[in-house]
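4 protein chains.
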Amino acid sequence: MGMINVAKEGPTPGSLRLKELTIEWLERRGVTLEDMASLVYSIQKKYLPALTLKECLESVERVLEKREVQNAVFTGLSLDEMAEKGLFAEPLSSMLRGDDSLYGIDEVLALSIVNIYGSIGLTNFGYLDKIKPGVIGKINEKKGQQVNTFLDDLVAAIVAAAAARLAHRERDKE
Amino acid sequence: MGMINVAKEGPTPGSLRLKELTIEWLERRGVTLEDMASLVYSIQKKYLPALTLKECLESVERVLEKREVQNAVFTGLSLDEMAEKGLFAEPLSSMLRGDDSLYGIDEVLALSIVNIYGSIGLTNFGYLDKIKPGVIGKINEKKGQQVNTFLDDLVAAIVAAAAARLAHRERDKE
Amino acid sequence: MGMINVAKEGPTPGSLRLKELTIEWLERRGVTLEDMASLVYSIQKKYLPALTLKECLESVERVLEKREVQNAVFTGLSLDEMAEKGLFAEPLSSMLRGDDSLYGIDEVLALSIVNIYGSIGLTNFGYLDKIKPGVIGKINEKKGQQVNTFLDDLVAAIVAAAAARLAHRERDKE
Amino acid sequence: MGMINVAKEGPTPGSLRLKELTIEWLERRGVTLEDMASLVYSIQKKYLPALTLKECLESVERVLEKREVQNAVFTGLSLDEMAEKGLFAEPLSSMLRGDDSLYGIDEVLALSIVNIYGSIGLTNFGYLDKIKPGVIGKINEKKGQQVNTFLDDLVAAIVAAAAARLAHRERDKE
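Protein chains in written order, with the working numbering: chain A, 1400 to 1573; chain B, 1400 to 1573; chain C, 1400 to 1573; chain D, 1400 to 1573.
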């Protein structure tokens, strides 16, 4: 293990390959990087007036380089897809297909994403999950046709994390 | 240790005494049981049409019997009061007095309350913390005169937990 | 909604039916209530000298009445079983089948169980997960034949939660 | 806001200044970077045979550049010091001075540190907190003379986070 590799925090070949897969999985379920970047922009613009959409896009990409985020996406979207195909036994099948309000494992996975940038993302996550703006609302409306129990929470969490990351970086520069 | 005491989940003399203290601390900082119960009612009424204010009040009281909740309240409100008196060194003093947006320990304590009723309270917590309805808004407006860095998050968390508790109980009866 | 139902904390018909299912799922994967109760006894006996195995068994049962615990068990054990059958796509399939040390979603689900009795269960969870005593060790040894990526963490979490619950109740009586 | 600053993940002047303060606070309470690095080495060496102490030291330093970690340290150590001076009212004063086993806010703060590198640090945190090796044991023995209720959990969390960070980076290079 070389010192230089250990010291820098940037992406490595392994995490970049998994990042591409993560983006593919999200797109297959109907969510693009641009969808998420525009939500980051809409919630963070009032706090960071000089913010650009390009910076929001980069922030979403940095979040998707984190292994914990990738694992949450792979696991949650697999659960959505397998529930859609009717592969689960009861009572789990009905809970996932109906997005049961007492089934909180989707929020549990989302929280593991939000926590990576500290607790300041928590408020934005809850707000996005309740108000369902932009692509989160579109995902939610599709719930009759496809199972999106995990997808909407994962997207809200990625957006909240990317916004928290921008808030941290802006302050640290001051 | 008697079997009966271990089996039942209700309050014990120790937790009831601490509950009274918790209520006193919250009132001293400007928040009553009724303030919190009315917020529970306003966010939960649409899901539970037969809900009464009295049930909301009881749910808030049950939440305040939990030791983890009591400890979070004692710790957070002590931090608010001591910051108000200028007892902390820098950089903590400025962070607490200015409710620094990158200081997330208030959300961390709040999360420990929300988690007791499972992750379904997370969305309501984030929403309350962002929208600041009722007493949460009033607390926030007082931030010039008194330090309420922890108080607003603790109140949002207690309300979200009491609402989650009602949702769990309603479903379990069906 | 009747006041009496709202006020008491005990189990309801819905949660009892799901509890029986939870116990069946755990047994199908090789873990009995007695296995878990004996681990609770072994870690809590030194702090509570009058503790009996029967009390430990009851504490495990109370934990399994919580909806959040039931949902974590249904979800985690489904993931284990479906990974065993090779139903997941890569890269998730290899991560689950090999219990990849960077795959942390099993710990994320376990944490949602531990948190229900507050953070005091965290230390016991980590210790059990590292030392792997009793049935947790047996589960771990079977990892060649069956996929137990979630099972061992779920069992450690249920045991840690049942121990934390006993610690809370003992203190509250004093 | 420049693109370059937003894109890179490294430390900024603001976080570096706070990092120095964080190290000073830990040293004032009796814990050095070297103490923590040697614990990282002892728990991670068997998984990473080429690991050096210098890499462990760098990993601890990276962890201490995170704002969430700095805030947890400032808050927890202030609580320890003020409890030592008898500044808190009851019941909080006795809980902090006696490191009450039902007071879990120290674990709550520690968890906010561990979570930054994902849930894989959870097991190491619990293990360190239970076994109390190296400097954690020394802190614990001093509990008669000074209040270290938060210090031992914070140190265990920083060590667990630094070990998780090394595990993530090693895998990503493969």
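Note that beta-carbon positions come from the ideal geometry of N, C-alpha and C, so glycine has one too.
is_contact[residue i, chain D] using C-beta, thresh 8 Å
i: V1405 (chain C); result: Low confidence applies here, because V1405 (chain C) scores a pLDDT of 31, under 50, leaving its location unreliable and the question unanswered by this model.
i: Y1526 (chain B); result: no
i: A1566 (chain C); result: yes
i: S1437 (chain A); result: no
C-beta neighbour in chain A for residue i, strict 8 Å
i: I1515 (chain D); result: yes
i: R1466 (chain D); result: yes
i: S1441 (chain D); result: no
i: S1518 (chain D); result: yes
i: G1503 (chain C); result: yes
i: L1521 (chain B); result: yes
i: L1607 (chain C); result: Only positions 1400 to 1573 of chain C appear in the structure, and residue 1607 (chain C) is not among them; the question remains open.
Interface flag, residue i vs chain C, CB-CB below 8 Å
i: V1507 (chain D); result: yes
i: F1549 (chain A); result: no
i: D1553 (chain A); result: Rather than Asp, the amino acid found at residue 1553 (chain A) in this sequence is Leu. Judged by the 8 Å Cβ criterion, L1553 (chain A) is not in contact with chain C.
i: I1538 (chain D); result: no
i: E1408 (chain B); result: Only weak support is given to the placement of E1408 (chain B): the predicted model assigns it a pLDDT of 49, under 50, and the value that follows is read from those uncertain coordinates. Chain C, which has a Cβ nearer than 8 Å to the Cβ of E1408 (chain B), makes this yes.
Under the three-state DSSP convention, the category residue i falls into
i: F1487 (chain B); result: coil
i: N1470 (chain B); result: helix
i: A1560 (chain C); result: helix
i: N1539 (chain B); result: helix
i: K1529 (chain A); result: helix
i: L1450 (chain D); result: coil
i: F1549 (chain A); result: coil
i: T1630 (chain B); result: Past the boundaries of the shown model lies residue 1630 (chain B); chain B is included only from 1400 to 1573, so the question cannot be answered.
i: L1501 (chain B); result: coil
i: Q1544 (chain D); result: coil
i: R1427 (chain B); result: helix
i: L1463 (chain C); result: coil
i: G1517 (chain B); result: coil
i: K1445 (chain A); result: coil
i: K1418 (chain C); result: helix
Test: residue i CB closer than 8 Å to a CB of chain B
i: A1559 (chain D); result: no
i: S1500 (chain C); result: no
i: K1531 (chain A); result: no
i: L1415 (chain A); result: no
i: S1511 (chain C); result: yes
i: S1493 (chain D); result: no
i: L1432 (chain D); result: no
i: M1400 (chain D); result: Because the pLDDT at M1400 (chain D) is just 23, under 50, the model does not fix this residue reliably, and the point stays unresolved.
Legend entry - Short-range partners of chain C found in the stretch 1443 to 1474 of chain A, where Cβ spacing is below 8 Å: R1466, E1467, N1470, A1471, F1473 and T1474
Legend entry - Chain-ordered residues of the stretch 1477 to 1488 of chain C with a beta carbon less than 8 Å from chain A: S1477, L1478, M1481, L1486, F1487 and A1488
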